[in-house]
Amino acid sequence: MHFYSDDRSWGTDAVASHERLLQALRTGDVEAAGRETREHFTDGAHRLVEHLDDLGVRS
113 MHFYSDDRSW GTDAVASHER LLQALRTGDV EAAGRETREH FTDGAHRLVE
163 HLDDLGVRS
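Using the working numbering, read the sequence shown as starting at 113 and increasing by one per residue.
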């Protein structure tokens, strides 16, 4: 979806999140991998809701 790529911080945040997730997987840190995955999806959901609010979809 274009609203993610239009958000300048999204790319930087997504790369950092993926790097943390990969590091957790490399070291076998299941808790950190789960936490990072949840935070990644939660961040995406928040960005989507904000985008929908900006469009006036939710009121």
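Note that beta-carbon positions come from the ideal geometry of N, C-alpha and C, so glycine has one too.
| Check | Outcome |
| --- | --- |
| Report yes if the C-beta distance between A136 and E148 is below 7 Å; otherwise report no. | yes |
| Measuring CA to CA, which of G168, L167, R159 is closest to S121? | R159 |
| Assuming D125 contacts D155 under a Cβ cut-off of 8 Å, what Cβ separation, rounded to an integer in Å, is found between them? | 7 Å |
| Taking just the CA atoms, how far does D119 sit from A144? | 26 Å |
| Could you please give the first and the last residue of the uninterrupted alpha helix (DSSP H) stretch that includes V169? | Unbroken run through V169: none, as it is neither H nor E. |
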